[in-house]
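2 is the number of the first residue of the sequence shown in my numbering; add one for each residue after it.
The block underneath contains the structure these notes are about, expressed in structure tokens.
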Amino acid sequence: MNQRFDGKVVVVTGGGRGIGRAVAAGFLKEGATVILAERQQETALATAGELSMLGLVHGRVVDIADERQVSELADWLRSEFGAIHGLINNAGFGISGSIDTLTMEQWDTVMNTNLRGAFLTSQRLTPLLEKGAPASIIHIASTRAVMSEPDTFPYSASKGGLRALTHSMAVSLGPRGIRVNSISPGWIHTGEPEILRSIDHSQHPVGRVGNPDDIAEACLFLASDKAGFITGTDLTVDGGMTVKMIYAD
Ligand SMILES: NC(=O)c1ccc[n+]([C@@H]2O[C@H](COP(=O)([O-])OP(=O)(O)OC[C@H]3O[C@@H](n4cnc5c(N)ncnc54)[C@H](O)[C@@H]3O)[C@@H](O)[C@H]2O)c1
2 MNQRFDGKVV VVTGGGRGIG RAVAAGFLKE GATVILAERQ QETALATAGE LSMLGLVHGR
62 VVDIADERQV SELADWLRSE FGAIHGLINN AGFGISGSID TLTMEQWDTV MNTNLRGAFL
122 TSQRLTPLLE KGAPASIIHI ASTRAVMSEP DTFPYSASKG GLRALTHSMA VSLGPRGIRV
182 NSISPGWIHT GEPEILRSID HSQHPVGRVG NPDDIAEACL FLASDKAGFI TGTDLTVDGG
242 MTVKMIYAD
């Protein structure tokens, strides 16, 4: 039976665990060859081993904040595949700190992965995506692009930046056959389900906290031919939390 991504090559940054791992598994189940570009060597190799029962998967140790390592990934992809069809810029994290204590080193560390790393990876892989066109880039942003808890400055700024980068790249890369979209997850629980309380679920309009497969499904749709007229947009996947009006009783 034909699958949606038969013969396609998809790179997932930060694919070693959490959302990235689920996204990688989703593409593998749909026939793609998947490259996990993950900075933790142990995680990259262990996850690639575990997912190999689903299809062809390569674990590559890459820190997307490092220009040389990203260029080496592009070189390896060129010699191994010649062209690729999808890039999921998923690697990211936050560092919290008050306005009085946050250091510029902490600011830079978050930005260098979440925003600069996503651009750097997109830039170095664009020639390969162009060869694989029609192709697609998806940035994993966050609902924190538009709302915040206190003291999350670089994380929120990086995710807002990713959403701006999405429309900027969409208009630039459209003529080269590459669509660019972002996904803004809300609360996606990547740990053991039993630690969640009933209020965690019930506060969501859909009645539950999100799981990594919710984001994988959104990626599969946006990367597919069915989304061929969709570029430059953000898809919020948050169970309705960002549209819920909240006033204290
Ligand atoms: N989990 C959520 O609720 C949630 C909500 C909104 C957005 N997101 C975003 O989704 C993405 C994945 O989140 P998660 O919860 O699965 O995180 P996670 O911490 O479980 O996994 C992130 C993975 O990325 C890797 N990584 C981090 N920096 C890297 C770098 N410089 N180069 C290569 N790999 C790197 C880590 O080693 C890890 O394996 C992140 O961008 C995060 O900001 C998550």
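A virtual CB, placed ideally from N, CA and C, is assigned to each residue, including glycine.
With a 10 Å radius around its C-beta and 16 neighbouring C-beta atoms as the bar for buried, classify residue i as buried or exposed.
{"i": "Tyr-156", "result": "buried"}
{"i": "Val-12", "result": "buried"}
{"i": "Ser-203", "result": "exposed"}
{"i": "Ile-247", "result": "exposed"}
{"i": "Thr-102", "result": "exposed"}
{"i": "Met-54", "result": "exposed"}
{"i": "Met-170", "result": "buried"}
{"i": "Thr-44", "result": "buried"}
{"i": "Ala-25", "result": "buried"}
{"i": "Thr-127", "result": "buried"}
With respect to the alpha helix (DSSP H) encompassing residue i, which residues constitute its N-terminal and C-terminal limits?
{"i": "Ala-119", "result": "117-132"}
{"i": "His-59", "result": "His-59 -> not in any alpha helix (DSSP H); beta strand (DSSP E) instead, spanning 58-62."}
{"i": "Glu-68", "result": "68-81"}
{"i": "Asp-201", "result": "199-203"}
Within the present structure, is the beta-carbon of residue i separated from the nearest heavy atom of ligand 1 by less than 7 Å?
{"i": "Glu-39", "result": "yes"}
{"i": "Ala-66", "result": "yes"}
{"i": "Trp-188", "result": "yes"}
{"i": "Phe-94", "result": "yes"}
{"i": "Ser-143", "result": "yes"}
{"i": "Thr-234", "result": "no"}
{"i": "Arg-18", "result": "yes"}
{"i": "Val-63", "result": "yes"}
{"i": "Asn-182", "result": "no"}
Write down the C-beta distance between residue i and residue j rounded to the nearest angstrom, noting that I regard them as a contact closer than 8 Å.
{"i": "Arg-79", "j": "Glu-131", "result": "With 8 Å as the limit, Arg-79 and Glu-131 do not qualify as a contact, their Cβ atoms being about 12 Å apart."}
{"i": "Thr-14", "j": "Ile-89", "result": "7 Å"}
{"i": "Gly-118", "j": "Ile-65", "result": "4 Å"}
{"i": "Ile-20", "j": "Ile-231", "result": "The pair is not a contact, with the Cβ atoms about 20 Å apart (cut-off 8 Å)."}
Between which two residues does the beta strand (DSSP E) harbouring residue i extend?
{"i": "Ile-184", "result": "179-186"}
{"i": "Leu-37", "result": "34-39"}
{"i": "Val-210", "result": "Neither: Val-210 is in no beta strand (DSSP E) and is coded neither H nor E."}
Under three-state DSSP, which class holds residue i?
{"i": "Leu-236", "result": "strand"}
{"i": "His-140", "result": "strand"}
{"i": "Leu-88", "result": "strand"}
{"i": "Val-111", "result": "helix"}
{"i": "Thr-153", "result": "coil"}
{"i": "Gln-104", "result": "Checking the sequence, you will find Thr at residue 104 rather than Gln. DSSP places Thr-104 in coil when its eight states are reduced to three."}
{"i": "Val-10", "result": "strand"}
{"i": "Ile-247", "result": "coil"}
{"i": "Ile-189", "result": "strand"}
{"i": "Pro-135", "result": "coil"}
{"i": "Pro-194", "result": "helix"}
{"i": "Leu-55", "result": "coil"}
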